[in-house]
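Chains as they are written, first to last, in this note's numbering: chain A, 443 to 522; chain B, 443 to 522. Report on one structure; see the data block that follows.
There are 2 protein chains.
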Amino acid sequence: MKARVFIRLKNGVLDPQGKAIGKALTGLGFAGIGEVRQGKLIEIELDETDEAAAKTALTEMCEKLLANTVIERYEIELAK
Amino acid sequence: MKARVFIRLKNGVLDPQGKAIGKALTGLGFAGIGEVRQGKLIEIELDETDEAAAKTALTEMCEKLLANTVIERYEIELAK
Chain A
443 MKARVFIRLK NGVLDPQGKA IGKALTGLGF AGIGEVRQGK LIEIELDETD EAAAKTALTE
503 MCEKLLANTV IERYEIELAK
Chain B
443 MKARVFIRLK NGVLDPQGKA IGKALTGLGF AGIGEVRQGK LIEIELDETD EAAAKTALTE
503 MCEKLLANTV IERYEIELAK
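Spelled out as C-alpha cells, the structure:
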C-alpha cells in the first residue's frame, strides 16, 4: 500500500520559506499571489494491506518521527 | 483560488533524505517499510478565479521557480 503524508506548519506559525517563495513569484512578475506556505510531502510504501492498520501505523510514525506536532500538523492519505 | 503544488524527485533520482526517513522508521520498530521519498508541498493562494488561467500561471511558476525540472517533476492541484 502506498501512502502520502502531508506535513504543514500549523496556522499562525510563521513560514519564512513560504513568504520568500511568494515574494520571489511576485518579483518574477506573477500578479495576484496571496499567501504561500511550504510543507513537506512524504511518500511511503507499506507492506501492510489493511487500511485501518496502515492508518494507525502512519499516525504513530507522524507522532514519533515525521512531524513536529508542536508546530506542524499532518494529514495522511492512502492510495488505492 | 487555492492551489497545491507537489514537487517530487523524478524516478531514478537518488533521494537520500527519503532513505534516511525509511531507515529511521525501521529503526523505531515499524515493520514493512518499503521505499520512502520526500518531496515538497507548496500551497499558493491566487486572486485568479479562472481555473484554466490559474493552471497556466502555476505551470509557469513551476517551470520558472518552484521546481528544478532537471531532477524534479511537479503536479498541480486546484482546490474548489
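Ideal Cβ positions, reconstructed from N, Cα and C, are used throughout, including at glycine.
- Ala-466, Leu-467, Leu-470, Phe-472, Gly-474, Ile-475, Gly-476, Glu-477, Val-478, Arg-479, Gln-480, Gly-481, Lys-482, Leu-483, Ile-484, Glu-485 and Ile-486: these are the residues of the region 464 to 486 of chain A whose beta carbon lies less than 7 Å from some beta carbon of chain B, given in chain order.
- Identification of residues in the region 486 to 513 of chain A having a C-beta nearer than 9 Å to some C-beta of chain B yields Ile-486, Glu-487, Leu-488, Asp-489, Glu-490, Ala-499, Glu-502, Met-503, Lys-506, Leu-507 and Leu-508, given in sequence order.
- Bounds of the alpha helix (DSSP H) holding Ile-463 (chain A) are 458 to 469.
- Residue environment: Ala-496 (chain A) is assigned as buried (16 or more neighbouring CB atoms within 10 Å of its CB, all protein chains considered).
- Across the structure, Pro-458 (chain B) and Ala-445 (chain A) are spaced so that their CA atoms are roughly 19 Å apart.
- Remark: C-beta atoms of Phe-472 (chain B) and Ala-499 (chain A) approach each other more closely than 8 Å.
- The Cβ atoms of Ile-518 (chain A) and Lys-452 (chain A) lie no closer than 8 Å to each other.
- In this structure, Thr-511 (chain B) places its C-beta atom within 8 Å of the C-beta atom of Glu-505 (chain B).
- Relative to the Cα of Glu-485 (chain B), the nearest Cα in the group A:Met-443, A:Ile-475, A:Thr-468 and A:Gly-469 belongs to A:Ile-475.
- C-alpha of Arg-515 (chain B) to C-alpha of Phe-448 (chain B): approximately 8 Å in a straight line.
- Residues of the same chain with a CB within less than 7 Å of the CB of Leu-508 (chain B), apart from the 5 flanking positions on each side, are Val-447, Ile-449, Ile-484 and Tyr-516 in chain order.
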